[in-house]
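Mapping of the sequence shown onto full-length UniProt numbering: position 139 corresponds to residue 139, and the numbering continues sequentially without gaps. C-beta: ideal position from N, C-alpha, C; glycine also. All figures in this text were calculated on a predicted structure; none of them were measured in a lab. Notes for the one structure printed next.
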Amino acid sequence: MALPPDMDLSKIPIMANPSGEGPNFANGPSMYPAMLESGIALIVVGGFFLILRLATNLKVARKIGLDDLLCVFAFAGGAGYWALNLSISKQGATKHAWDVPLSFMSSSMAKMQLAILILIAPTMWAAKSAILALYIRVFGSITWLRRTAYAWIVFMALFYSMNVVVGGVYCIPRKGEVWGGASFARCATNNWPHVVVGVFSCLADLLILILPFPIVARLHVDRRRKIALGVVFGTGIILVGLSGVSLYFRVLVYRGIDPTWNAALLAILTVAEIFGTVVVSCAPAISSFWHKILTQSNLWSEIKSSSIFSSLKSRFSEQSSVNSKPSFVRPSKYDHEAAGRTDTSSTLKGTRSNVSEVDSFKVSGSSRNEFITSPL
């Protein structure tokens, strides 16, 4: 229903308050503080891990790969997406819908909303593709994984591009329209593409999570290292959880349940998903930094030789000796036999461990040297 042209839109809320109370345009609760603080924290943490990733790959692999560049693009896009949403929030758009006036639907807000839609699509694509590109870099000689990763990268590019097109169709003013007003309302109310994107993101994150595990399960390494690799690649479970929660809020916005407030929560979760993806994609590089740089540095040697480290080590040794047999207990014949079996088992285990270390590099086939210097 069209509103009278002389009506003051700054005094009419987007929605009526379910409690029956009037709007609180001036001092209504806002998501601005949460958006500001969470965004700064995520950018700092994501930036730290990204810098550590780039530095590690430059030192160990001596090059920057496609996965690194995609990660940088995702970080920059995530920061831009957060800045745009923060700007809208600062102008009062992230309050409850009954505390936001209709005058909020201005031409500048419509343009910023379109900019957000255009920016988030390539950012999400780059963030997810960075992990797939990492799989290609590490397991590139495995044909089925390489082809699956490339195909999924291309498919995601097509999907997110389509999302930009759909957003343009709904949000760009049509012939005879101006920015804001009808075009803004059409853009804000046609939220079904957001639900589709949410479902797709969940499926994409689930695929990214399970893709490397068949390979990790068949690696010729001991169980301890296999578990460690599983933990490194299994950090993607965080992304699946974030995608699931984001989908929930997308459905709330689609159903028109306090859309401005829930859209603000969705924006915060989306920022967390982007920078969470950046951090997760840095996990192998962090593992490489620990094993190939930090533990081999002079700093680590000084830490190990420090009195604090020695004290902690002796304390753990004392605790472990509590459960050992007292010295006055005479070892039996079976203890001697068990000790002999243990020595033999330890020797064989050491041999198998050495063989496993060599066999593990066969994952990359002809690219053996590249796998050795990969961020694992």
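- Scanning 174, 73, 140, 116 for the CA closest to the CA of residue 129 turns up 73.
- One thing to note: residue 103 has its Cβ within 8 Å of the Cβ of residue 9.
- By the Cβ-count criterion, residue 167 is buried, with 16 or more other Cβ atoms from all chains shown falling within 10 Å of its own Cβ.
- About 24 Å separates the beta carbon of residue 134 from that of residue 222, a gap too long to meet the 8 Å contact definition.
- Residue 19 carries a coil assignment under DSSP once its states are collapsed to helix, strand and coil.
- For residue 30, the secondary structure class from DSSP, reduced to helix, strand or coil, is strand.
- Take residue 163, set aside five residues on each side of it, and the residues of its chain with a beta-carbon closer than 7 Å to its own are 121, 193, 197, in chain order.
- Contact fails between the region 22-39 and the region 109-125, because fewer than three Cβ pairs, one in each stretch, are under 8 Å apart.
- Counting along the chain, residue 273 sits inside the alpha helix (DSSP H) bounded by residues 259-281.
- The beta carbons of residue 64 and residue 58 sit closer together than 8 Å.
- In this structure, the beta-carbon distance from residue 131 to residue 275 does not fall below 8 Å.
- At a Cβ-Cβ threshold of 8 Å, residue 110 and residue 202 do not count as neighbours.
- If you compare the alpha carbons of 21, 279, 218, 212 with that of residue 149, the shortest gap goes to 212.
- Nearest in C-alpha terms to residue 281, of all of 227, 269, 242, 50, is 50.
- Between residue 98 and residue 27, the alpha-carbon positions lie close to 12 Å from each other.
- Taking the CA atoms as reference points, residue 208 sits about 17 Å from residue 160.
- The residues 253, 254, in chain order, have a CB closer than 7 Å to that of residue 191 in the same chain once the five nearest residues on each side in sequence are set aside.
- Considering only 154, 75, 206, the residue with the shortest C-alpha distance to residue 39 is 75.
- Residue 101: not part of any alpha helix (DSSP H); DSSP gives it neither H nor E.
- Cα atoms of residue 177 and residue 107: separation of roughly 11 Å, rounded to the nearest angstrom.
- For a cut-off of 8 Å, the C-beta gap from residue 242 to residue 272 is around 6 Å, short enough to register as a contact.
- As a beta-bridge residue in DSSP terms, residue 13 pairs with 101.
- One thing to note: residue 230 has its Cβ within 8 Å of the Cβ of residue 216.
- With respect to the C-alpha of residue 25, the residue from 81, 175, 279, 92 having the closest C-alpha is 92.
- In terms of Cβ geometry, residue 127 and residue 279 do not form a close pair [threshold 8 Å].
- Remark: C-beta atoms of residue 247 and residue 199 approach each other more closely than 8 Å.
- The three-state reading of DSSP puts residue 95 in strand, counting E and B together.
- Distance from the CA of residue 138 to the CA of residue 119, rounded to the nearest whole angstrom, comes to 29 Å.
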